[in-house]
Amino acid sequence: KHLNAAADVVILAGGGTRGCEAQLRALAEQLDAAVIQTVNARGMMHYHPLTVPASPSLSSVRELIHSAARVLAIGTEFGWTDYDMYVVGDLPARPDMIRIDACADQLARLPGALTLHGDAGATMSALLPLLTAKKANGAARAAATRDKARTELAQLDPLMPNRLAMVEVIRSALPGCLIVGDSTQAIYAANLYYDHDRAGGFFNAATGYGALGYGPGAAVGAAIGSPGAKVVCLIGDGGLQFSPGELRTAVDEHLPITFLVWNNAAYNEIADAMRAANTEVIGCHPSPLNMEPFAAACDLPYTSAPLDAEALHWALAQPHEGPRLIEVRVRA
7 KHLNAAADVV ILAGGGTRGC EAQLRALAEQ LDAAVIQTVN ARGMMHYHPL TVPASPSLSS
67 VRELIHSAAR VLAIGTEFGW TDYDMYVVGD LPARPDMIRI DACADQLARL PGALTLHGDA
127 GATMSALLPL LTAKKANGAA RAAATRDKAR TELAQLDPLM PNRLAMVEVI RSALPGCLIV
187 GDSTQAIYAA NLYYDHDRAG GFFNAATGYG ALGYGPGAAV GAAIGSPGAK VVCLIGDGGL
247 QFSPGELRTA VDEHLPITFL VWNNAAYNEI ADAMRAANTE VIGCHPSPLN MEPFAAACDL
307 PYTSAPLDAE ALHWALAQPH EGPRLIEVRV RA
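Here's what the structure looks like:
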């Protein structure tokens, strides 16, 4: 009733929609609704005209949410790293929204006008035959928001588009791979805007508590859990020093993991946050690993690439078996 009566709908898709991409696409097409995906939902709507693979922390994406006649939130916790990354102090949630979630506690924490407690896929499947097909200019609104969101990246940081380009190169060089990220600059850029080509194939530590060193172990788990899939662990030089031992595990298990090390010789994401808070930058410049002998000590093939998308594409596209290490030299 609420969805049928609305002139237009915007869907917020969270990690709870993973594995339900067919139902999500069908629902979006029936409602002609733009679909905003949080980090853990990226890839669910790859290259679809209704996709908005951008963070609800961006003002352009918030504008789309606030302008909709009705918001349908599916499988999303409204966590601040997705919805208020810049600590504006409010979530772009609306009291008149409709929420679907498998967790009753989540529904109680941020209720809407209507809450549906249930599995995302099953609930979407049940809704579909009840909905009237709409023509609501959804593709045009989604396209306009995508354009604005990409423009907004450069306004946040002039270096952000180049960082995003390096992540998009991974997708083009290794189609259908799993990208497992640590907390590093390129990952933060992609969290704001990135459209992965594999549903459930992009996840990282920069959501939630942002634990450094998460990437290598998670990449090992991803490779074991998805036999035959290529895995890329995108990690900074600082994060790598938290858990280097997992690289040897990848060697021992002969896992097809590319350890892509973003080497800026610093915890620059933390340093930038300290500068933004007008506080002294301390503890952000540990001595970096010398990556080539480190890779040799781990029995990993090593390649070095400058901060250049074409050079990185070439390095990633080289055939390999088992794990390898590619260093992106961000520092001069």
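So the sequence shown is numbered by our numbering: it starts at 7 and just counts up by one. Beta carbons are placed, not taken as given, at the ideal position from N, Cα and C, and that holds for glycine.
- Under the criterion of beta carbons closer than 8 Å, Leu218 and Asp188 qualify as touching, at roughly 7 Å.
- Within the DSSP secondary-structure output, Thr309 pairs in a beta bridge with Ile332.
- For Ala315, the three-state secondary structure derived from DSSP is helix.
- Rounded to whole angstroms, the separation of the alpha carbons of Thr190 and Leu313 is 14 Å.
- Comparing C-alpha distances from Ile104 to each of Trp86, His123 and Tyr92 shows the shortest one belongs to His123.
- In the three-state DSSP reduction, Leu122 falls in the strand class (E or B).
- Segment contact: the stretch 11-21 against the stretch 79-98, three or more CB-CB distances shorter than 8 Å; contact assigned.
- DSSP lists Val237 as the bridge partner or partners of Leu184.
- Within the stretch 102-153, the complete beta strand (DSSP E) segments of 3 residues or longer fall at 104-107 and 120-123, listed in chain order.
- Taking every protein chain shown into account, the CB of Lys236 has 16 or more other CB atoms within 10 angstroms, so this residue is buried.
- Approximately 6 Å separates the beta-carbon atoms of Leu318 and Met172; this is inside 8 Å, confirming the contact.
- The DSSP-derived three-state label of Gln29 is helix.
- With at least 16 other beta carbons inside 10 angstroms of its own, Gly21 counts as buried.
- Taking the C-beta atoms as reference points, Met297 is found nearer than 9 Å to Asp243.
- One Cα belongs to Leu64, the other to Ala195, and the distance between them is close to 12 Å.
- Ile80: member of the beta strand (DSSP E) spanning Arg76 to Ile80, first to last residue.
- A residue is called buried once 16 or more other Cβ atoms fall within 10 Å of its Cβ, and Leu136, having fewer, is exposed.
- Annotation: Ala149 to Val58 spans about 8 Å, alpha carbon to alpha carbon.
- Residue state for Phe300 is assigned as helix, using DSSP reduced to three classes.
- The count of Cβ pairs closer than 8 Å, one atom from the stretch 82-97 and one from the stretch 25-32, stays below three, leaving the stretches out of contact.
- In the same chain as Leu116, and ignoring 5 residues on each side of it, the C-beta atoms closer than 7 Å to its own belong to Phe84 and Ala99, in chain order.
- In the structure shown, Gly245 falls within a helical segment according to DSSP collapsed to helix, strand and coil.
- Of the other Cβ atoms in all chains shown, fewer than 16 fall within 10 Å of the Cβ of Gly251; this residue is therefore exposed.
- Taking the Cβ atoms as the reference, Asn46 lies roughly 20 Å from Thr151, outside the contact range of under 8 Å.
- Excluding residues up to 5 positions away in sequence, Asp201, His202 and Asp203 lie with their Cβ nearer than 7 Å to the Cβ of His52 in the same chain.
- Relative to Ala229, the option among Asn197, Tyr215, Gly216 and Ile185 whose CA is nearest is Ile185.
- Classified as exposed, Arg337 has fewer than 16 neighbouring CB atoms from the shown chains inside 10 Å of its CB.
- Of the residues assessed, Asn284 falls on the exposed side of the cut-off, its CB having fewer than 16 other CB atoms within 10 angstroms.
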